[in-house]
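Residues in the sequence shown are numbered consecutively from 56, following this note's numbering. Report on the following structure.
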Amino acid sequence: MPERIHNAQYVIEEVEKAVVGKRDILTRIMTAILAGGHILIEDIPGTGKTTMALAFSRAMGLQERRVQFTPDVLPSDLTGFTVYQKETGKFVYQPGAVMCNLLLADEINRTSPKTQSALLEVMEERQVTVDGVTRRTGDPFIVIATENPAGSAGTQLLPESQLDRFMICVSMGYPTVEEEMEILRRSQAEDRTAGIRPVIDAASLREMIKEAREIYMHERICRYIAELARSSRENSWIELGLSPRGTVALTAMARACAYLKGRAYVIPADVEEVFPSVAAHRLLLNMKAKVGHIRVEEVIRQILENTEKPALKTRR
Numbered sequence: 056m057p058e059r060i061h062n063a064q065y066v067i068e069e070v071e072k073a074v075v076g077k078r079d080i081l082t083r084i085m086t087a088i089l090a091g092g093h094i095l096i097e098d099i100p101g102t103g104k105t106t107m108a109l110a111f112s113r114a115m116g117l118q119e120r121r122v123q124f125t126p127d128v129l130p131s132d133l134t135g136f137t138v139y140q141k142e143t144g145k146f147v148y149q150p151g152a153v154m155c156n157l158l159l160a161d162e163i164n165r166t167s168p169k170t171q172s173a174l175l176e177v178m179e180e181r182q183v184t185v186d187g188v189t190r191r192t193g194d195p196f197i198v199i200a201t202e203n204p205a206g207s208a209g210t211q212l213l214p215e216s217q218l219d220r221f222m223i224c225v226s227m228g229y230p231t232v233e234e235e236m237e238i239l240r241r242s243q244a245e246d247r248t249a250g251i252r253p254v255i256d257a258a259s260l261r262e263m264i265k266e267a268r269e270i271y272m273h274e275r276i277c278r279y280i281a282e283l284a285r286s287s288r289e290n291s292w293i294e295l296g297l298s299p300r301g302t303v304a305l306t307a308m309a310r311a312c313a314y315l316k317g318r319a320y321v322i323p324a325d326v327e328e329v330f331p332s333v334a335a336h337r338l339l340l341n342m343k344a345k346v347g348h349i350r351v352e353e354v355i356r357q358i359l360e361n362t363e364k365p366a367l368k369t370r371r
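Below is the structure:
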């Protein structure tokens, strides 16, 4: 296991060749990948969302596909379709974009709800059914979707039921002055991901995901996660709290966080560290919070502060 943990760190270091100054975000995305989840990156255009996603796929040696979502993208573009071949007299399946290991769904909130639903079904089941025949996607299968914030021309908010399918939601944010200067120095290269070498392959990543799932979690940690979910549902600022799918995602992320740090067990700090990225896109603030200009980050901090953490026994 230690060797594979180092490989996960090497993946992050490779991605940093293309992405400047976002170590925390890269670590969070790598944690979600080890947890077997899908990632949603929400930010304004031009902050490096697409570059980061492509860098991850190349650093992990995965078969990648990219779809630029527009209103005319059809569900069959993702799932595939069958075509009649006159020479053989048979229908032949033409694979869609999801038949890969890593799908970059660029600007997912620009396409139609029908196409979004087709993608989200594949994300949940890791398979597609075309003309009555079910086919599995690649293993592992990871979706890194990007979306521009609401208010950008031609975009529409993803409904809560679709947002809940993403394990985490992160934001790149603007770079600092020093980071932007480094970006300018690197901008002479035509392809910022050209120098990235594959550190692992799909088989290695499958083993790492399996090992992360086997990380030990004490019953008190499970109760802590359940209490955080309950607190979110009873919070006076929140209309829609953390779903059961969200608690499952939080559990998987906590295990992957411990794994990435080289521990064979989960501690409360792991849960606290990943809770904001798991919960932020799942919590729906009520009108009282909106009128009071309360931000979801403040509510998450309040939930963490007001939920009692389990005490850990120390050996003497």
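In this text, a Cβ means the ideal position worked out from N, Cα and C, and glycines have one as well.
Item: Going by C-alpha to C-alpha distance, which of E176, H348, L89 sits closest to I223?; Value: L89
Item: Under the three-state reduction of DSSP, which class applies to D132: helix, strand or coil?; Value: helix
Item: Pull up the distance between the alpha-carbon of S172 and that of E180, whole angstroms please.; Value: 12 angstroms
Item: Thinking just about the alpha-carbon of each residue, which of R252, V225, M272 is nearest to the one in V70?; Value: R252
Item: Whole angstroms are fine: how far does the CA of G151 sit from the CA of Q140?; Value: 18 angstroms
Item: For C312 and V329, what's the separation of their Cα atoms in angstroms?; Value: 8 angstroms
Item: To the nearest angstrom, report how far apart M154 and E233 are at their CA atoms.; Value: 40 angstroms
Item: Which residue from G347, K77, L305, V198 puts its Cα closest to that of E119?; Value: V198
Item: Helix, strand or coil for F196, going by three-state DSSP, please let me know.; Value: coil
Item: Rounded to a whole number of angstroms, what is the C-alpha to C-alpha distance between V333 and N341?; Value: 19 angstroms
Item: Let me know the beta strand (DSSP E) ranges lying completely inside the region 202–242, each 3 residues or longer, listed in chain order.; Value: 223–225
Item: Along the chain, where does the alpha helix (DSSP H) containing D79 start, and where does it finish?; Value: 78–89
Item: From T137 to V66, what does the alpha carbon distance come to, in whole angstroms?; Value: 37 angstroms
Item: How about T134 and V75: do their beta carbons lie closer than 9 angstroms?; Value: no
Item: With a cut-off of 8 angstroms on the beta carbons, I'd call V123 and E162 a contact; round off their distance for me.; Value: Going by the sequence as given, residue 123 is Gln instead of Val. Yes, Q123 and E162 are in contact; Cβ-Cβ is about 7 angstroms, under 8 angstroms.
Item: Could you name the residues of the same chain whose beta carbon sits closer than 7 angstroms to that of I238, not counting the 5 residues immediately before and after it, in chain order?; Value: V75, P230
Item: Are N62 and V254 touching if we call contact CB-CB under 9 angstroms?; Value: yes
Item: Mind checking which residues open and close the beta strand (DSSP E) that includes P150?; Value: 145–150
Item: Where does A311 fall in DSSP's three states?; Value: helix
Item: Roughly how many angstroms separate the alpha carbons of L95 and D219, rounded to a whole number?; Value: 10 angstroms
Item: What is the rounded straight-line gap between the Cα of R78 and the Cα of F111?; Value: 13 angstroms
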